[in-house]
Structures are given as structure tokens and as C-alpha cells.
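Let me begin by presenting the structure, written as C-alpha cells, before commenting on it.
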Amino acid sequence: LLAWLIVRFLLLPTFGELEGSPIEIAVSGYVFWAGAVGAIVSVAVLAASTAGSALAGVADAQSSRSRPPAVSFFHRYYLDLLAVLVVGLVWWQFQQRDGFVSSALASRGLEVDPVLILGPVLGLLTAALLLMRVLPWLVRVVVWLCMRAGPGWSSITLARLARDPVLPSSLAVLLMLTAALGVFGATFQSSLSRSQSDQAQYRVGGEVVVSGPGVKAELADDLVSIPGVAAATPVLRDLVSLTGGHSSTPARLIAAEPEAMAQSVWYRDDFSETTLTDLLSSIRTVPRAAEDSHLAVPLPAGADAIGVWLETGDLKDHELQADINVWARLADANGRYRNVSLGGFAGPSDTGAEGWRLLKGEMPDGSADASRQWFLAAITFSTSSFVAVPAGRVHMDDFTVFGSSLPGDGVVAESFNALGNWHPLETAGSFPDRLEISTSTARSGETSLAFSWQENFGERQRGIHLPPVSLPLPAIGGAGLYPGQIVRIKYSRASIPVEIVGVSDLFPTVTSFRNPFLILDINGYLSYLRFLPPGNAETSSQEIWLSLDSAQDPEMVIAQVEKELPPLASVANRRKVANAASRNPLAGGGWSGLTGMSMAGMGLVLLTALLLHSWASVRAVRVDTAVAKALGMSGRQLFLSLIAEKWLMGGVAIVAGAAIGYWPGLELVQLLDSTSNSMGPLPPMIPEVNIPLLASVLAGLAVAVMASAFLAAAMAQRSRAIDVLREGA
């Protein structure tokens, strides 16, 4: 019944508000059986120790008091060293398996090794045995120093401690174990709770995440206008292939607005060596407007047809083996693209001098509208997937526009006398295509543009273009990538060049351990996707990440956001999800109350043991104390000698216990937090010490040691030498 009251009124309130049905407290028969078993075991231990003392005769008892054993049973046969070897073997298994669980070969689940579960217990027992071996040596060293350099009173109790170290060492072991468990408890609960919170925030990513069917990128503009929403960015995800040569690697791609993402995303400093703001600012890309004279070639109004002059003599007979098609990609002022077929190498064409011929195509319907300005953005070549065109070169000159309102020979919109901003389209091969000014042949003027390729190409388009953004696109790369590296993203029949400008080991929502990831600016990425044929910028998933104004009530702001969402769309509040995860008792969160009560229970047991030991030890040495008083030892010196004994044992035990509970405890805490796939959590756990709980544990232990010392000193002061000597006589 007492346990029921403690759980109901002290333990459950520490969990806070949990989702789902309330936790019911049931007192079953198993509870009483467990309590009965514990009581029986305790009585059996007390009976066994009492029986051992009762079987000893008077002579044995007097002999043990006059010449107490200096070495225990475990140390006499070096069983503590055997325990060290066992713990070393178990610790090696920890490191090999990265935890207490591992994947079974015959099943898809996880298996727990009971031997590994007992590892921490064996470690504490081994540390206790080692302390009992080391402590007598330390006491002897301190006694030797006190006898030569310290005051006379300091060696009285310490000499007795060195002569009979087994019982005080056992008490020091109890103190050390309590300190170790207290420090470990202060580290374990807070570390596991923070890890659950970090994992939840890592999975959500943004401060507020809107996702679901019907969520489009345009919705971000509507949401950012809501009072209390500081920033909003659409987040595009895709599983892409990074190509290079004849191989490709799958990778995760995330595209978002850098400034808005920096305000919304949850990011930890250990993810990269660079701050999040610096990382995201390095990938900012500003698309250029279509009417930029350095970006695209404007076409005269009233165009009915367009064409480009080509010289294909370097292909020799390849044009007879493959029908190479030529395309002109046009853009309007609104950023919309159209492909215009200019025919093929094997089709009819107008011929000119020295092998030059004009490949010509009709403008799309409605292009004659004077209010719609068109720009030349690219000239590409393609063929069927069944034909591989070997290496070759094509010369281009005089891109010409024809129309009823234009001169009969047309108007040259692009003379190709200089490279300007023309670039070859990226390919996935080992050797990139080349674009250069040629003086060997020209239709008009002295130069032409020579486009060449060194590898066979089939269905993938090749050609030249005026990219709408600066290439390569800057990106943040994941593990396996390095700054300055150029990678290519395979997209449809083309490739997107990307330069790694920053590296982050982890990034929220990226849960792949093996595949790299890329973070790009959504503006530049979508601008280039729309440019590439077929111009479809849809991705596998869409989300919108929001950042809220800290001065506004988040619940009210989220309620306003939900009103603007389409049906079936959902909202994830990162803070709410993280708080629920940190308080989840099934995942180790919210156990601060249980940890505190456990520490209080162990502290009470330890205080009782220390007080009983002080009472028994003072009675055992009352004759020595009386003789010391009779020889002239003052009350102050007697008090200091007893304090020195208690603080020497207590100080060594507390320091050793704190060290054992902290450093090995940090390793164990990280091994305890395993995921369902036997891998480590994402992000990795950062051990965290509950400073108030740790200070309470250490302060409680110090108070317990001090209380036992003051009790011993008070009992020694109250005893009269004449009465003690009369009883001893």
C-alpha cells in the first residue's frame, strides 16, 4: 500500500501529460509475491551471517578480535583479478556489438544477450573488489606519512584502520557503489530523455511541418502571411543518383530556401564543423531573369520559324547511320519553356557554301503574338535509344529567325562569334562535352561555335545552353563527400552539376546511414529543373516548414495554419513531439521521479549502515580511546582523529564511485540507446548529466559520512575513561 501511494502521488506526476489513455495503477498478487520473496531473501542473508558468527567458538572470536584478518577470501585467492578478466571480455563484446542487442541470423528481430546485460553488474562488483584490495595499501601509505610528518593524533585511528581493514573497506565499498549508482542515475535518465527528444526533433526537422496530399509549394506564400509565422519554405525531397563515369550512387536530395530553413530547422552543433547559418548561406542561389541579355538570346517579334546553320563534315558517315535530331529550346519572360524541332541530320535542309546547311523548324502556335517575347535558351541533339552515336563534332553558326514581317533571308539572332555564357549540357560520362570557338570553318564571319563529344550518346540529349543559374549548383554534402567535389545528379535525360561547398555529417530528416545526401537551394534547383527537358519539376514528396514568431502563442498560430490547409494535410509541431518523446516512460523518459526516489532509498540505507558502523566501531575501540584520553589526548584531538578516519574512507569511496559511475557510465548510456535495426540512434546520443541530481547525490553522501563522523565523535566524547577502564578490567 505504501508503494501504491508513492507511485500514485510521487512517481506519476513526473511523467507530465501523456498522450493516450491514462496509466492505471493496479496492485496484483504478483506484487505481494515479489515483496515476499525479497523479505525471505533478506531474512536468509541475516540468518546465514548470524549462524556463521554463532558457530565460531570463544577462542576463535577472541583471536579474530586480537588479530583480525587483513585479506578477505576473494583477495586471498586473487578472485578479483579473475573478475577483471571477465569484465574485460564482456566489455570487448560490448564494443564489438555496439550495445546489448544484436540482429539474429535466423530471424529479423533483435536478440538480447543475458551475459551482456549482467556486464554492468559485474563491472561494479569488480570495482568493489579492486577497491577492497587497493584501500588497505592506501591507508598504510597515509599512516606512514602521518607517523613521520603528521600530528600524533592522526595516526591513532588510522593505525587501527590499517590493522583491521576488512570491515571498513566493506563499508567503503557500499559507499562507492551508492556513489557510482547515483552518478550513473544522474547521467542515464537525463541522457536518455534528451536522446529521445533529439531523435524526435531530428525526425520532424522543421519547427512546424505541414505535409500531406494537396500540399503544394505555392501554399508557403499563403502561410507566411499568417500573423505569427516568421518564415516558410517548401521542402522538396527526392531519391536521386549521383553519376560519375560508368557508375552511379543513390543519394537523398533535399531542396529548400536557405534563409527560411535556417530559421526553422533543428540543428545540433556537432553535425558539422561549420555553423548552420554559414552552411545554408553558402548554397544560396539567385535565378536570373529570362530577359537578362547575358542569359538568353531574344528573338525578334513576328517570328514564324527559326533555324540554325550546321556543318557536320566531322561526323563523316555517322549521319547516315543515325537520325540525329536537332531541337531549339525557347523560353518566355514568365520562365515557361517550349521545345521546337529543327529536323534531323538525315532530313531535308537548305544547303549553303562549304557543307553548311540550315535546319529549320516552325514556331509553336501563338508565338506570333507581339506581346509574348521569346528567348533562345538551348540547342540540343538527340537520337533514339537504339543507336549509339560515336565521338564527333558539329559546327554551329547564325541562329536565324524567319517571319512574314522580317526580311526574306531572316534575322540572325545569335551569330555564335563568341562563347559568352554558352555552356555544354552536362553529361553523366567520364569525359565532358566541349564547346569552343573554331576558326577552321564559318558560314559568315571568321569564326563559328564547335561542339564536340568524346563518348557515344544515345537517348540522352547533348548540346549547348544558357543556364538560368550559375553552374555548378552549390550544395551541402553528407558523409562521403568533401568540399570542392563536383558531382552530377542524374535527371531524366540530362545531368545537373553540383559543387559541394560544405559538409555536414548529419542533417534532420535524413535517416540513411549509407547513402550520401545533398542540400540545395530550392530556387536554383527548380529553376534548372524547369529548364531541362521535359521541364517537369515534380518530386516524390512535398512539405512546408514553418518558423514561428517567439512572441506569439504557438498553439494559436498553428490553429490559424490548420485553417489554410487542404483536406488530409497534417501539421507536426516539433516542440510538442519532442516533449512527448522525452516524457515517454517506455523509452526511458520521465523517470526523474523514480531516479530520485531510488537515490533517496539507497541514501537512507547507506546512512543507517554508516551510523551503525560508527556506533559499533566506537564501542570496539573504547578501551583504546580511554587510554588515549588518560595519556593526555584532548577532546579536540580525539574528534579530529575520528573525523580523519571517516573522511579518508568516505572521500576515497565517493571519488572512486563518482569516477566509475561517470566515465564507464557514459559508454554504457550510449550503448543502451539502440534502435530497432540494431544501429545507433540518429542523431547519436550526447551524454548529459543532471547537475541538480548529481549535486544532491554527492551532497547527500557527504552529509551521511559527516553524520557518522559526528556520531562517532559524540559517543567518544561522552564516554568516561574511568568507566571504560573499569569495564575493560
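Read the sequence shown against our numbering and you will find it ends at 808, with the numbers running on by one and no gaps.
Even for Gly, the Cβ is constructed at its ideal location relative to N, Cα and C.
Query, Result
"Three CB pairs or more closer than 8 angstroms across the stretch 714-731 and the stretch 784-792", "yes"
"C-alpha gap between Leu552 and Glu525, whole angstroms", "34 angstroms"
"DSSP three-state assignment for Val748, whether helix, strand or coil", "helix"
"Burial state of Thr322, where buried means 16 or more other Cβ atoms lie within 10 Å", "buried"
"Residue of Gly108, Ile579, Pro633, Arg654 minimising C-alpha distance to Arg363", "Ile579"
"Host beta strand (DSSP E) of Phe460 (start-end)", "453-461"
"Inter-residue spacing [alpha-carbon to alpha-carbon] between Gly291 and Ser649", "6 angstroms"
"DSSP state of Asp476 mapped onto helix, strand, coil", "strand"
"For Glu352, the nearest candidate out of Arg662, Gly557, Tyr109, Thr704 (CA to CA)", "Gly557"
"Continuous alpha helix (DSSP H) stretch holding Ser787: start and end", "770-797"
"Length-filtered (4 minimum) alpha helix (DSSP H) runs lying within the stretch 223-283", "233-242, 245-283"
"Under the three-state DSSP convention, the category Ser372 falls into", "Only weak support exists for where Ser372 lies, its pLDDT of 47 falling under 50; the value from the coordinates is given anyway. In this structure, Ser372 counts as coil in the three-state DSSP scheme."
"Selection from Ala792, Leu686, Asn769, Pro762 that minimises the alpha carbon distance to Val782", "Leu686"
"Anticipated Cβ contact below 8 angstroms, Ala425 with Asp402, distance rounded", "5 angstroms"
"Span of the alpha helix (DSSP H), counted from its first residue to its last, around Pro633", "633-642"
"Span of the beta strand (DSSP E) around Glu441", "435-441"
"Extent of the continuous beta strand (DSSP E) run through Glu534", "It is not in any beta strand (DSSP E) - Glu534 carries neither H nor E in the DSSP assignment."
"Start-to-end residues for the alpha helix (DSSP H) that takes in Glu336", "That residue, Glu336, is in no alpha helix (DSSP H); it is neither H nor E in DSSP."
"Under 8 angstroms between C-beta atoms of Ala299 and Met255", "no"
"Leu498 versus Gly508, Gly489, Thr518, Leu485, residue with shortest Cα-Cα distance", "Thr518"
"Anticipated Cβ contact below 8 angstroms, Leu355 with Ala341, distance rounded", "6 angstroms"
"The stretch 623-643 contacting the stretch 294-314, beta-carbon criterion three pairs below 8 angstroms", "yes"
"CB contact flag (His474, Leu437, <8 angstroms)", "no"
"Buried or exposed by the 16-neighbour rule on C-beta atoms within 10 Å, applied to Gln796", "exposed"
"Closest residue to Leu777 among Val200, Ser249, Thr257, Gln172 (Cα-Cα distance)", "Thr257"
"Distance CB(Gly331)-CB(Val589) smaller than 8 angstroms", "The displayed chain sequence assigns Arg, not Gly, to residue 331. Yes, the Cβ-Cβ distance between Arg331 and Val589 is below 8 angstroms."
"Same chain, Cβ closer than 6 angstroms to Val566, five either side skipped, listed in chain order", "Leu321, Val577"
"Ile543 beta carbon less than 8 angstroms from that of Ile598", "no"
"Distance, Phe350 Cα to Ser677 Cα", "35 angstroms"
"Leu84 classed as buried or exposed, judged by whether at least 16 other C-beta atoms fall within 10 angstroms", "exposed"
"Gly673 and Thr266 closer than 8 angstroms at C-beta", "The sequence given here places Leu at residue 673; Gly does not occur at that position. Against a cut-off of 8 angstroms, the Cβ pair of Thr266 and Leu673 comes out as no contact."
"Proximity to Leu625 [Cα-Cα], best of Ala311, Asp411, Val163", "Ala311"
"Per DSSP, cross-strand counterpart(s) of Leu717", "BP columns for Leu717 are empty, so no partner."
"Expected contact under 8 angstroms - CB spacing of Ala456 and Ala410 to nearest Å", "5 angstroms"
"Span separating the alpha-carbon of Arg408 from that of Met442", "11 angstroms"
"C-beta contact flag for Val166 and Thr205 at 8 angstroms", "yes"
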